[in-house]
Amino acid sequence: MTVTKTKTWTVDVQLIEDEGRTRAEARLHGNDAVQLGKLGTGEEIRAVGLARCHPHDADVPTIGDEVAASRALSDLAHQLLDTAARNIESRTGKRAIVQP
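The structure is reproduced here in structure tokens:
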């Protein structure tokens, strides 16, 4: 009989706004996330996204938040795909390409 498992991975996004510039840092962590190859030592996967307001545009912080956060999350997703590919390669001994 197959046992169903539920795992929880948490992604936190911290946004820092400063004079028309936004920096987002996304972190993947959690008890089950340590099963990831990169997180085997309890590390987190971190990614950064940046956004800036064009000098001729109105400064709308929410838009900067959205752009910076999406860039950080996109980078985080690519790092996770790279981790999966490395884990496949270490098990199979063959080059792996994991498509997004």
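Sequence positions in the sequence shown follow numbering that gives the first Met the number 0 and run 0 to 99.
For glycine and all other residues, C-beta sits at the position ideal for the given N, C-alpha and C.
The region 2-22 makes contact with the region 60-75, as at least three CB pairs between them are under 8 Å. Between leucine 72 and threonine 1, the alpha-carbon positions lie close to 33 Å from each other. Taking the Cα positions, histidine 55 is about 40 Å away from valine 97. Bridge partners of isoleucine 44 according to DSSP: Leu27.
Secondary structure at alanine 50: strand, using DSSP grouped into helix, strand and coil. Residue state for isoleucine 15 is assigned as strand, using DSSP reduced to three classes.
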